[in-house]
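Residue numbers (the numbering used here): 22 to 397.
In what follows, a structure is listed as structure tokens, so that the remarks can point back to it.
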Amino acid sequence: MQLHFLITSEQRATGAMFMESLNETVLAFIYPTDGSRTFHTFFCPPMRIIALSAEGQVVFDEVIARWKWVRLPVCRYVIETGPKVDYAPFVQTVLSIAGDLPQLGAIDPSLRMDGLLFAVLAEAVADIRRIRDAHRGEVRPDIQRRRFEVWERGQIVSSAGFLLDFSDTCHLPDGAVKLSYSILKAEEPYIDEIVAASVGGIPWRHEFPSHCMRCGKRASWRPILSPKSSAPVEILWRYQRPENAIPICHHCTETLNLLRDRSLQIDLVWGLWGPRFEALWQWHRAIRTKRLPADWDLYTQPLWPADFGGESWETGSGALKFAEPRPPHQVSRSEQHMQALRRGLFSKKFRGRQPGETPLQKLLDFRLDQPKGDLR
Ligand SMILES: [Zn+2]
């Protein structure tokens, strides 16, 4: 097991980013003063975050498996480690050593700027570093399109734009500003779609339930609508949205003859996602017939044009605040949707024990716990 102290603001900014796994590593973030801090886990492996007061009292202790912002209560020290590591033995060490470490953070950037702003800036610099490493010099659009997922490219251009906004007021690493300009130039033709993808196209499968909606056995999420083979890579993320997928096991796929029954596929995905699938389907049809509304604003409506869905998440809105992938909990379903679901799920007899609607109900009840209201 290894204990690392992160003292300078740059060390703290990078933390566990780009590590495959923290395993037994313990990262200790040492701050010169108390403060409420915003951590993020973007590009970090799953980890446990522990926040300590100056006296060593644990004020926060959570395992964070997905990439997100984490708002910590007022604390002096923060520990990041693998989800299963017992950090208790390190608390005393952190406390006793912290006092002796050089207080490079005496002019702590997180105190001069809002903590969240600093974290975003740190993330932006890290993003730009990845670009430098991937391209070694000039930013080439073909490498950018091949090396990064579309949602990552969206985060990278956001970072580039953000860095440029702050390049006058903050001291930034050499080259970061120049690279930011070349990224924006290289991505210019795709910028609307990839920024939309940076929110709506993030991976979700690993945190959604993976039980068959018909029998409850292990399943994978199967997409239903598919893109034209000529579709540009920048729009494919919408076909990877949960609204275009159903969790179904191999056995049920066979029993229902699902792969050869188009109307059954549609019944299942339509019944599961109701108005949210309808909205996605409208986008799918519009892009195939080249009839997307000209005034579609992807920055406020990243998923699909406003007219395609209702006003709320439940009724199919594709607005920015509803764009992050969510399981189908509380989708508003009419009797038609429920009939489609039952038609799909119960059209064939089960062999052995009839599971009824239990697996489906379990899926519909599943929700992610999302902290709300901390990001401003
Ligand atoms: Zn099944």
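Ideal Cβ positions, reconstructed from N, Cα and C, are used throughout, including at glycine.
Counting along the chain, no alpha helix (DSSP H) covers D82; the unbroken beta strand (DSSP E) around it starts and ends at 79–85. V47 is positioned such that its CB atom lies no closer than 9 Å to that of Y98. Taking a cut-off of 8 Å on C-beta distances, the region 272–281 does not touch the region 244–259, as fewer than three cross pairs fall below it. The beta carbon of S188 lies closer than 6 Å to those of V198 in the same chain, with the five residues before and after it left out.
Around G77, the same chain offers V112, L116 as residues with beta carbons nearer than 7 Å, after the five sequence neighbours per side are excluded.
Rounded to whole angstroms, the separation of the alpha carbons of R58 and R168 is 32 Å.
One Cα belongs to P263, the other to W225, and the distance between them is close to 8 Å.
Shortest gap from the CB of R243 to any heavy atom of ligand 1: 8 Å or more.
DSSP places S241 in the uninterrupted beta strand (DSSP E) bounded by 241–244.
Under DSSP, R69 shares a beta bridge with V84, T102. In this model, P349 and A155 are separated by some 37 Å (Cα to Cα).
Distance from the CA atom of A49 to the CA atom of L285, rounded to whole angstroms, is 53 Å. DSSP places D288 in the helix class (H, G or I) of the three-state scheme. L385: not part of any beta strand (DSSP E); member of the alpha helix (DSSP H) spanning 379–386, first to last residue. In this structure, F343 sits away from F229, with a CB-CB distance that is not shorter than 9 Å. Nearest to I287 by C-alpha distance, out of V171, H232, R363, H227, is R363. Within a 10 Å sphere around the beta-carbon of N265 sit 16 or more other beta-carbons, which makes this residue buried.
Bounds of the beta strand (DSSP E) holding Y52 are 46–61.
Annotation for G237 indicates a beta carbon within 8 Å of some heavy atom of ligand 1. Taking L205 as the centre and dropping the five residues before and after it, the same chain places the C-beta of V178, A181, G182 closer than 7 Å to its C-beta, in chain order. A distance below 7 Å between beta-carbons, with the five flanking residues on each side excluded, links A300 to the following residues of its chain, in chain order: W325, F329, G330, G337, G339.
In this structure, D82 sits near R69, with a CB-CB distance shorter than 9 Å.
Put simply, the backbone Cα of E356 is about 45 Å away from that of E208. Within the chosen limit of 8 Å, ligand 1 reaches the beta carbon of H272 through at least one heavy atom. For S368, the CB contacts under 8 Å within the same chain, skipping 5 residues up- and downstream, are L277, L285 in chain order. Cβ contact annotation for P376 (same chain, cutoff 7 Å, sequence separation greater than five): C236, G237, in chain order.
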